[in-house]
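In this note's numbering, the protein residues as written are 3 to 553.
We treat Cβ as the ideally placed atom computed from N, Cα and C, and that holds for glycine.
Below: the structure, in C-alpha cells.
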C-alpha cells in the first residue's frame, strides 16, 4: 500500500514558515542579547580593591584646604571626645570591652591580627586644636614676610610638613567619598586597632609660638627704641627675653592642655599611648612635650640619630614611621619626562641652601669640590614663586640631582627630584627613607657615602660612568614611583596616604605585644621594655655596635 503523498506546494509553504520563524527567533534573541548581555563568570570573579576615581585629585595644599574649610568643616559635629571625669573603673571597663572584641576577632578572623582594613579611631578634639589652627593658617598664609631665622618662608615650611592635614580629612571623610580600602574609621574605641590624634604640631609651633616671638621683636624695632642708648638697648633686649619666655610659657601651657586631653582618654591609659599616632613631621615641633608621648607612634621626616633633633630613645624604626615631605615643585608625569629627555643637558644640579649645620656641613665641602665643573649647576636657593620656578626648571633639565643632608639627614629636595624625573644622588649617611619596607630606592636613586663624595675628582667621573641604559631605566622607574610621594584629596591608591596604612599593618602585632606586656609586667622587673633599649638608626656598623654596648 502506497503512503499518501504530500503536495510539494504544501511542503514548500511549511519550510518557508519554519524559516521565517527561525529568522524572527534569531532577531529576537539578538535583541535580547544586546539589551541584557550575559555576565562573564571569569570577569565577575575579579575583585577591584579600589574603585575608579570619581573626583579629580587635588594635590595643592592651599586649594585642598580651602575646599575642606569651606565645604567640609561646616558639617563637622560640635561635640568632642573630651573626658569630663575619669575613674580607674572606666579604664578597666574599657579594657574588658576591648578584650571581648579582640576575642571575637581571634575566633572569627583566621588572619587576625594580620588583618586589613586597619580600624582607626579618630579622636574628636576641641576645635581650638584642629579646625581653628587650619583657619589660622588659611587667614595668614599670604603674609610672605613671615620668615624663619634662615630666611625660609614659614607657610611654605608648613606646607612641606603638612602630612597631618592630608591624613586627617581622608580618615574623617564619608566612606562613599574615599578611595582607600585598607583603612576604615570606627566610631567605637574598643573596635579600634589604632588611635589617630589630629593635632597640627607644625602649624601650632610656627604660628602660635615662633611667630609671636618674632612679632614682638618687630614691634620693638619699628618703635626705633633699639637704636637709642646702650643702656636702653639692654633694657629692651631684657624686655624681649622676658616676653619671649612668657610667650613660650603660654604656648607650653597650651600644649599641655592638648596633651592632657589625649592622656585622659581611657584608651590612652590602657596602652600608655602605644597604639596612638601623632603627626610630628617637623623636627622642631612638639619638642616641649615629646617626653610624655615617647611610647606613641610618631610620623616623622627622618630619625636623625645624631641627637640634634630627637633625644636618645625617642624615635625608632620599630615603632615610628617615616613619611615623605610634600614636594615643592609640580609633578613631571610620563609625558613630561618623555618630552624633557632631549633637554636634560645638565649632568648634576643643586639649588638650595649651601650652608647648613650638623650633617648639612657636607654641602659646603661639595660646593668646594664641584664649583666651576662643566655641566654642573650649583646655586644658592631663593624663596617664593621665583625660587620654585628656578628649581623646577633646573631639575627638569638635569640628569642627576644632588640630594645632600641638610640640618637633618633628610631634605625635601629628594622628593622634588623624584617628581621631576631627575635621578637623586643621595649623600646622607644617616638617612632613613619613607616606606622602605615596600619601596626599593636603589631602582630610582644613586647612594654615595660622604667620604667618597668629597674625594677630589671622584664624584663626577663616577656619575659619567653610569650607562645610558641604566639612566633610562631609572627614569622610567621614577615615573612609576612619583605617585608614592604625591599627597592628594581624595587620597589615591598607591599614594603616600595609602602606603602609610600598609606600613602600619606591619606594626600592629608588635604594638599589641608591647601593650600586653606593659599591662602585666611589674614595674620593678628588669624586662620592662622602654624606647631606650632599642638600637639607634645609624647606618655605620661601628656606631651600631657602640650603641649596643652602651645600651
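Beta-bridge analysis with DSSP links residue 406 to 429. Around residue 342, the same chain offers 398 as residues with beta carbons nearer than 6 Å, after the five sequence neighbours per side are excluded. Going by beta carbons, residue 349 and residue 405 fall outside the 9 Å limit. The three-state reading of DSSP puts residue 381 in strand, counting E and B together. A residue is called buried when at least 16 other Cβ atoms come within 10 angstroms of its Cβ; residue 295 meets this threshold and is buried.
Beta-bridge partners assigned by DSSP to residue 444: none are found.
A contact is defined here as three or more CB-CB pairs under 8 Å, and the region 288-302 meets this definition with respect to the region 253-269. Approximately 18 Å separates the beta-carbon atoms of residue 172 and residue 203; this is outside 8 Å, ruling out the contact.
For the 9 Å CB-CB criterion, residue 170 and residue 67 do not form a contact.
With distances taken between CA atoms, residue 319 lies nearest to 298 out of 298, 96, 332 and 83. Taking a 10 Å sphere around the C-beta of residue 499, we find 16 or more other C-beta atoms and assign the residue as buried. Here the C-alpha atom of residue 90 lies approximately 37 Å from the C-alpha atom of residue 304. In the DSSP secondary-structure assignment, residue 187 is bridged to 122.
In the assembly as shown, residue 506 is a buried residue. Its beta-carbon has 16 or more other beta-carbons within 10 Å. For residue 278, the three-state secondary structure derived from DSSP is strand. Nearest in C-alpha terms to residue 162, of all of 383, 133 and 64, is 64. Distance check between residue 453 and each of 368, 337, 186 and 495 places 368 closest, using alpha-carbon atoms only.
Contact between residue 489 and residue 328 holds: CB atoms are separated by about 6 Å, below the 8 Å threshold. Residue environment analysis places residue 477 among the buried positions, since at least 16 neighbouring C-beta atoms fall within 10 angstroms of its C-beta. Between residue 285 and residue 306, the C-beta spacing is below 9 Å.
Collapsing the DSSP output to three states places residue 181 in coil. Beta-carbon to beta-carbon, residue 440 and residue 480 are separated by about 16 Å, too far to satisfy the 8 Å threshold. In this model, residue 314 and residue 408 are separated by some 20 Å (Cα to Cα). The beta-carbon distance between residue 75 and residue 133, rounded to whole angstroms, is 5 Å. This is short enough to meet the 8 Å contact definition. With a cut-off of 8 Å on Cβ pairs, the region 118-130 is in contact with the region 263-275, counting three or more such pairs. Annotation for residue 196: the continuous beta strand (DSSP E) segment containing it runs 196-198. An exposed status is given to residue 382, since fewer than 16 other beta-carbon atoms sit within 10 Å of its beta-carbon. Secondary-structure assignment with DSSP links residue 449 through a beta bridge to 428.
C-alpha of residue 321 to C-alpha of residue 138: approximately 32 Å in a straight line.
In this structure, 424 is the residue among 58, 199 and 424 with its C-alpha nearest to the C-alpha of residue 474. Contact holds between the region 184-194 and the region 94-107, because three or more Cβ pairs, one in each stretch, are under 8 Å apart. Per DSSP, the continuous beta strand (DSSP E) segment holding residue 350 begins and ends at 348-354. Taking the Cα of residue 353 as reference, the smallest distance to any Cα among 395, 326, 334 and 335 is reached at 395. Going by C-alpha positions, residue 462 is about 30 Å away from residue 437. Here residue 302 really is in contact with residue 317; their C-beta atoms are around 6 Å apart, less than 8 Å.
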